[in-house]
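Start counting the sequence shown at 1043; every next residue gets the next number (this note's numbering). Beta carbons are placed, not taken as given, at the ideal position from N, Cα and C, and that holds for glycine.
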Amino acid sequence: MSDTDRPALTTAPHMYLHYCEETDCNEWGSWGNSPSSAAPTRWWCFEHFPHKSYEQEQRRDRSR
Ligand SMILES: [Zn+2]
């Protein structure tokens, strides 16, 4: 994949271009999830995102 095929984003420096990591899926990975603070965040599109883990994250957020 060449850089010219990617959209030019000018967001914060820590943000980087990430697509859904599902094989053969070319959707934008706008849904990130990290199993732990030591693991790198993984990204999926809405369709492929592991929603069960996401709901657990939401519950943790509410208990803060
Ligand atoms: Zn996907």
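Each residue's CA atom was taken as its position, placing Asn1068 and Tyr1061 some 7 Å apart. Within a 10 Å sphere around the beta-carbon of Phe1088 sit fewer than 16 other beta-carbons, which makes this residue exposed.
Here the distance from the Cβ of Trp1085 to the nearest heavy atom of ligand 1 is not below 7 Å. Taking 8 Å as the cut-off, the beta carbon of His1093 is found no closer than this to the beta carbon of Glu1064. Set against 7 Å, the gap from the CB of His1060 to the closest heavy atom of ligand 1 is not smaller.
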